[in-house]
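Asks: If you read the sequences in order, they're chains A and B.
Okay, so the first sequence: first residue is 1 according to full-length UniProt numbering, each after it adds one.
Okay, so the second sequence: first residue is 1 according to full-length UniProt numbering, each after it adds one.
Ideal Cβ placement from N, Cα and C applies to all residues, glycine included.
Note that the structure is a prediction, hence the values are computed from the model and not measured.
There are 2 protein chains.
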Amino acid sequence: MRAAVLHAPGDVRVEEIGDPTITAPTDAVIRVSAACVCGSDLWPYRGTEPIQAPMPMGHEYVGVVEEVGSDVRTVRPGQFVVGTFVAADGTCEICRSGYPSSCVNRVFMAQVGTQSERARIPHADGTLVATPGTPEEDLIPHLLAASDVLGTGWFGAVAAEAGPGKTVAVVGDGAVGLHAVLAARQLGAERIIAVSRHEPRQKLAREFGATDVVTARGDEGVAAIKELTGGLGAHSVVEAVGTQQSMQQAIRSTRPGGHLGFVGVNHDVTLSGEELFFSQIHLHGGPAPVRRFLPELIDLIWQRKIHPGKVFDLTLPLDRAAEAYRAMDERRAIKALLRV
Amino acid sequence: MRAAVLHAPGDVRVEEIGDPTITAPTDAVIRVSAACVCGSDLWPYRGTEPIQAPMPMGHEYVGVVEEVGSDVRTVRPGQFVVGTFVAADGTCEICRSGYPSSCVNRVFMAQVGTQSERARIPHADGTLVATPGTPEEDLIPHLLAASDVLGTGWFGAVAAEAGPGKTVAVVGDGAVGLHAVLAARQLGAERIIAVSRHEPRQKLAREFGATDVVTARGDEGVAAIKELTGGLGAHSVVEAVGTQQSMQQAIRSTRPGGHLGFVGVNHDVTLSGEELFFSQIHLHGGPAPVRRFLPELIDLIWQRKIHPGKVFDLTLPLDRAAEAYRAMDERRAIKALLRV
Chain A
1 MRAAVLHAPG DVRVEEIGDP TITAPTDAVI RVSAACVCGS DLWPYRGTEP IQAPMPMGHE
61 YVGVVEEVGS DVRTVRPGQF VVGTFVAADG TCEICRSGYP SSCVNRVFMA QVGTQSERAR
121 IPHADGTLVA TPGTPEEDLI PHLLAASDVL GTGWFGAVAA EAGPGKTVAV VGDGAVGLHA
181 VLAARQLGAE RIIAVSRHEP RQKLAREFGA TDVVTARGDE GVAAIKELTG GLGAHSVVEA
241 VGTQQSMQQA IRSTRPGGHL GFVGVNHDVT LSGEELFFSQ IHLHGGPAPV RRFLPELIDL
301 IWQRKIHPGK VFDLTLPLDR AAEAYRAMDE RRAIKALLRV
Chain B
1 MRAAVLHAPG DVRVEEIGDP TITAPTDAVI RVSAACVCGS DLWPYRGTEP IQAPMPMGHE
61 YVGVVEEVGS DVRTVRPGQF VVGTFVAADG TCEICRSGYP SSCVNRVFMA QVGTQSERAR
121 IPHADGTLVA TPGTPEEDLI PHLLAASDVL GTGWFGAVAA EAGPGKTVAV VGDGAVGLHA
181 VLAARQLGAE RIIAVSRHEP RQKLAREFGA TDVVTARGDE GVAAIKELTG GLGAHSVVEA
241 VGTQQSMQQA IRSTRPGGHL GFVGVNHDVT LSGEELFFSQ IHLHGGPAPV RRFLPELIDL
301 IWQRKIHPGK VFDLTLPLDR AAEAYRAMDE RRAIKALLRV
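#1: Could you tell me whether any Cβ in chain B is nearer than 9 Å to the Cβ of E15(A)?
#2: Under the assumption that L128(A) contacts V81(A) (Cβ atoms under 8 Å), give the Cβ distance between them as a whole number of angstroms.
#3: Is any beta-carbon of chain B found at less than 9 Å from that of Q280(A)?
#4: DSSP has Y61(A) in a bridge; who is on the other side?
#5: Measure the alpha-carbon distance for L271(B) versus G261(B) and round it to whole angstroms.
#6: Please name the residue in V14(A), G98(A), P141(A) whose C-alpha comes closest to that of residue 341(A).
#7: Please confirm whether A35(A) and Q111(A) have their CB atoms less than 9 Å apart.
#8: Using a C-beta to C-beta distance shorter than 7 Å, which residues of chain B count as neighbours of M247(A)?
#9: Can you confirm whether S102(A), when its beta carbon is compared against all beta carbons of chain B, has any partner nearer than 9 Å?
#10: What would DSSP say about residue 393(A), mapped onto helix, strand or coil?
#11: Are A223(A) and A216(A) closer than 9 Å when you measure CB to CB?
#12: Examine chain B for any beta-carbon lying closer than 9 Å to the beta-carbon of P164(A), and answer yes or no.
#13: Got a sec: is the Cβ-Cβ distance from G285(B) to anything in chain A below 9 Å?
#14: Across which residues does DSSP place T84(B) in a beta bridge pair?
#15: Between the segment 252–263 of chain A and chain B, which residues of the former have a C-beta closer than 8 Å to a C-beta of the latter?
#16: With C-beta atoms as the reference, is A130(B) less than 9 Å away from G177(B)?
#17: Taking DSSP as the reference, what is the three-state secondary structure of G285(A)?
#18: Quick one, which residues of the segment 89–120 of chain A are near chain B if we go by CB-CB under 8 Å, in chain order?
#19: Give the single residue among S246(A), F293(A), A169(A) whose Cα lies nearest to the Cα of L232(A).
#20: For a cutoff of 9 Å on Cβ pairs, would you count G230(A) as touching chain B?
#21: Provide the residue span of the alpha helix (DSSP H) that contains S246(B), from first to last.
#22: Do three or more CB pairs link the segment 201–218 of chain A to the segment 178–188 of chain A at distances below 8 Å?
#23: Shortest alpha-carbon distance to G39(A) belongs to which of V340(A), Q249(A), T243(A)?
#24: Residues in the same chain with beta-carbon distance under 8 Å from L316(A), minus the five sequence neighbours each way, listed in chain order, please.
#25: Note down, in chain order, every chain B residue with its Cβ under 7 Å from the Cβ of V265(A).
#26: Would you mind telling me which residues of chain B sit closer than 8 Å to T167(A), beta carbon to beta carbon, in chain order?
#27: Ignore the nearest five residues each way along the sequence and tell me which others in V158(A)'s own chain have a CB closer than 8 Å to its CB.
#28: Return the chain-ordered list of same chain residues with a C-beta closer than 6 Å to the C-beta of T74(B), the five sequence neighbours on each side being excluded.
#29: Given that a residue counts as buried once 16 or more other Cβ atoms are within 10 Å of its Cβ, and exposed if not, what is A145(B)?
#30: Return the CA-CA distance between A119(B) and T21(B), expressed in angstroms with no decimal places.
#31: What is the DSSP secondary structure of V129(A), reduced to helix, strand or coil?
#32: Please check if any C-beta of chain A sits within less than 9 Å of the C-beta of Q244(B).
#33: If I measure Cβ to Cβ from R331(A) and keep anything under 6 Å in the same chain, skipping five residues before and after, which residues do I get?
#34: How close, in whole Å, do the beta carbons of V290(A) and T91(A) come, if the pair is a contact with beta carbons under 8 Å?
#35: With 16 other CB atoms within 10 Å as the buried threshold, where does P132(B) fall?
#36: Quick check on the DSSP output: the beta strand (DSSP E) that includes V12(A) runs from which residue to which?
What follows is the structure, given as structure tokens:
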């Protein structure tokens with residue numbers, strides 16, 4: 001089958017690799033309908049994260065089940081499924097407590113690769129959720145978004161305890177940040193401040209529910225958010241970047257007793273214990289437990305109540321994956337969808 | 001009046017200073033019945049924290065109201081009161097949300113000093129809580145504990161979401177850690193693991209409700225806690241020291257999705273964003289909002305249901321404050337009470 005493979009920083013090629021097969025009775029093999037390029041794919045692409053090349057890429061996917069192992073109970077061949085970016089057994093104590101992304105038997109799908117014609121999905125029962133039927137074509141991007149970026153933004157908003165009466169600030173205007181805005185709106189937040197300096201992203205943030213836009217970053221961004229919140233900071237802040245500057249901005253934008261949901265994968269970030277102590281904020285984040293939210297997200301999408309797929313502003317066939325990576329890397333695209 | 005004053009690291013003297021007076025209509029002046037030496041007093045005493053000598057010491061206190069300003073409504077002269085270690089107005093948005101220790105008008109009592117015959121208490125209404133009557137002599141140490149160490153340990157356990165069905169680990173066997181054990185028991189925790197290598201403190205931890213004791217520190221301590229919790233870590237961890245090692249032990253002892261309440265004042269602690277991200281824990285702490293818990297704590301003490309004053313294993317008159325500091329510094333005493 002054909003798959004996007006990273007050979008070296010900046011060098012993604014679509015080439016033939018071996019077909020996936022069922023290797024454990026809990027596996028499924030799916031035919032991928034659509035995959036996409038994630039902000040976190042750019043870390044190895046940019047060489048910021050060490051790579052073991054050649055490395056099959058991708059961890060976001062929707063598709064049709066082709067084959068299941070003998071222990072799989074909840075999905076069957078022919079069903080259209082949305083999968084999560086971490087495969088989880090669904091049965092361990094951590095999964096049952098709502099944290100499948102920290103499952104004791106988890107497999108990061110990024111280590112498997114889903115920017116390909118087919119994919120093996122470990123722990124199919126804990127990882128895949130079938131849609132109510134075969135989706136109409138226009139629903140596919142929205143469902144694909146649920147696989148990671150929507151689920152991750154949603155978790156950020158939940159971890160930040162966005163809800164009625166709350167002012168929510170979102171640091172980061174990538175797909176995850178924009179979906180955190182959407183989630184905060186769905187969760188009933190009163191006011192939603194998007195931090196963005198890119199006009200098209202600001203526009204989408206407003207469409208998703210942002211009431212205010214702050215363009216400043218760092219300490220100036222903090223000051224702007226404080227000015228909008230009576231000098232106190234936001235009740236809820238979602239961090240959706242993962243850099244030192246964005247984490248600091250997010251921490252300092254949260255009021256004492258407030259909640260910071262951090263879902264940008266942290267890279268080389270160092271936090272001061274003293275600052276966290278005296279900030280008196282709640283901090284929670286990590287790889288999003290998307291499986292917890294997936295049934296609800298699929299339902300909202302199926303009913304056409306939310307349209308998260310609007311973050312895809314570039315659609316290309318799988319064979320042109322290299323172009324998709326370049327566009328994301330150069331920030332010409334918010335998020336690129338790959339049709340398979 | 002006489003007061004304990006720090007002149008230089010290791011040099012505490014009890015000497016005459018000016019009597020406190022009402023300086024704002026929200027002030028009260030109290031006659032201090034008892035004060036004590038806190039683990040956090042040892043930071044400037046040891047020179048770890050810069051001092052502006054001479055510096056009146058202390059921030060824990062109980063006593064009798066002598067005089068109140070014209071705006072004070074909830075306490076009156078003659079009442080016995082327990083005060084919190086942060087004075088708070090009780091009316092700002094942060095106070096009303098349950099975080100008086102981050103009040104926008106807060107005054108750290110450590111900047112005022114309470115190891116003295118009298119003390120001026122700013123924001124009396126938001127800071128002092130009157131007991132139901134004049135306490136019997138034997139209740140005074142228990143009430144004094146509520147002023148900081150009990151309230152702080154209690155907040156740690158609340159921030160760690162200690163409760164029924166939970167396994168709670170407490171890192172630190174000072175007064176705050178021991179009170180976190182007591183709080184976890186009161187909050188209904190199923191299993192309470194105290195981390196302590198000092199036999200008398202282990203004994204008190206067990207008396208307060210610890211079901212297990214771990215003596216190892218650092219990564220060995222983490223391994224010991226994991227072994228007691230099916231390899232997962234505790235649901236709830238309270239950090240009550242504030243050093244790099246204890247914070248790391250606490251983070252690594254918390255299971256994914258679990259809660260870490262950190263109440264040891266952090267000094268020179270650096271946390272890895274990556275580690276926090278992938279740990280997927282909840283982190284919350286800071287200076288404890290003791291005022292939130294004080295009515296309940298006073299009630300439990302008044303009914304003799306809890307005996308937090310047992311942490312005082314050294315009682316001296318105020319004039320011998322220097323001895324009390326030395327005993328705490330050398331870990332000969334868990335906590336020293338000063339009778340005034």
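Replies: Walking through what the data contain:
#1: Position 15 of the first sequence holds residue 15(A). Taking Cβ atoms only, chain B never reaches closer than 9 Å to E15(A), which makes this a no.
#2: For the purposes of this step, residue 128(A) is identified with residue 128 of the first sequence, where counting begins at 1. For the purposes of this step, residue 81(A) is identified with residue 81 of the first sequence, where counting begins at 1. About 4 Å; that satisfies the 8 Å criterion.
#3: Against the first sequence, residue 280(A) aligns to sequence position 280. Yes, contact with chain B.
#4: As a working mapping, residue 61(A) is identified with position 61 in the first sequence. Paired residue(s): A35(A).
#5: Mapped onto the second sequence, residue 271(B) falls at position 271. Mapped onto the second sequence, residue 261(B) falls at position 261. If you take the alpha carbons of L271(B) and G261(B), they lie about 15 Å apart.
#6: Nothing about residue 341(A) can be read from this structure; chain A reaches only from 1 to 340.
#7: For the purposes of this step, residue 35(A) is taken as the residue at position 35 of the first sequence. For the purposes of this step, residue 111(A) is taken as the residue at position 111 of the first sequence. Taking 9 Å as the Cβ cut-off, A35(A) and Q111(A) do not qualify as a contacting pair.
#8: Reading the first sequence from its first residue, position 247 is the one you call residue 247(A). Per Cβ cutoff of 7 Å: G273.
#9: Taking the first sequence and counting its residues from 1, one reaches residue 102(A) at position 102. Answer yes: the Cβ-Cβ gap between S102(A) and chain B drops below 9 Å somewhere.
#10: What the structure shows of chain A is the stretch from 1 to 340, and residue 393(A) is not part of that stretch, so it cannot be assessed.
#11: For the purposes of this step, residue 223(A) is identified with residue 223 of the first sequence, where counting begins at 1. For the purposes of this step, residue 216(A) is identified with residue 216 of the first sequence, where counting begins at 1. Result yes, Cβ atoms of A223(A) and A216(A) sit closer than 9 Å.
#12: Taking the first residue of the first sequence as position 1, residue 164(A) is located at position 164. It does not: the Cβ of P164(A) has no partner Cβ on chain B nearer than 9 Å.
#13: Along the second sequence, one-based indexing puts residue 285(B) at 285. So, interface residue.
#14: If you number the second sequence from 1, residue 84(B) lands on position 84. Note: T84(B) sits in no beta bridge, so no partner.
#15: R255, P256, G257, F262
#16: Along the second sequence, one-based indexing puts residue 130(B) at 130. Along the second sequence, one-based indexing puts residue 177(B) at 177. Contact flag unset, no.
#17: Counting from 1 along the first sequence, the entry for residue 285(A) is found at position 285. G285(A) falls in the strand class under three-state DSSP.
#18: E93, I94, S97, G98, Y99, S101, S102, V104
#19: Within the first sequence, numbered from 1, the residue matching residue 232(A) stands at position 232. If we check each option's Cα against that of L232(A), A169(A) comes out closest.
#20: Working through the first sequence from its first residue, we reach residue 230(A) at position 230. At least one chain B Cβ lies under 9 Å of G230(A).
#21: Numbered from its first residue, the second sequence carries residue 246(B) at position 246. Its alpha helix (DSSP H) spans residues 244–252.
#22: yes
#23: Counted from its first residue, the first sequence places residue 39(A) at position 39. When only C-alpha atoms are compared, the closest one is T243(A).
#24: To locate residue 316(A), count along the first sequence from 1; it is residue 316. Around L316(A): E323, A324, A336, L337, L338, R339.
#25: Translated into positions along the first sequence, residue 265(A) becomes position 265. F277, listed in chain order.
#26: For this step, residue 167(A) is matched to residue 167 along the first sequence. None at all; the shortest Cβ gap to chain B is about 11 Å.
#27: As a position in the first sequence, residue 158(A) is number 158, starting the count at 1. Contacts found: A183, L187, G261, F293.
#28: Your numbering for residue 74(B) matches position 74 in the second sequence. Correct list, in chain order: D125.
#29: In the second sequence, the residue the question calls residue 145(B) occupies position 145. Per the 10 Å Cβ criterion, buried.
#30: Within the second sequence, numbered from 1, the residue matching residue 119(B) stands at position 119. Within the second sequence, numbered from 1, the residue matching residue 21(B) stands at position 21. Near 9 Å, if we compare the C-alpha coordinates of T21(B) and A119(B).
#31: The residue given as residue 129(A) occupies position 129 in the first sequence. Of the three classes helix, strand and coil, the one that applies to V129(A) here is strand, per DSSP.
#32: Position 244 of the second sequence, counting from 1, holds the residue named residue 244(B). So yes, Q244(B) belongs to the interface.
#33: As a position in the first sequence, residue 331(A) is number 331, starting the count at 1. Nothing meets the Cβ criterion.
#34: As a position in the first sequence, residue 290(A) is number 290, starting the count at 1. As a position in the first sequence, residue 91(A) is number 91, starting the count at 1. In fact, because the Cβ distance is near 17 Å, the residues do not count as touching under 8 Å.
#35: For the purposes of this step, residue 132(B) is taken as the residue at position 132 of the second sequence. Answer is exposed; the Cβ neighbour count stays below 16.
#36: On the first sequence, residue 12(A) is found 12 positions in, with the first residue counted as 1. Run containing V12(A): 11–16, per the beta strand (DSSP E) assignment.
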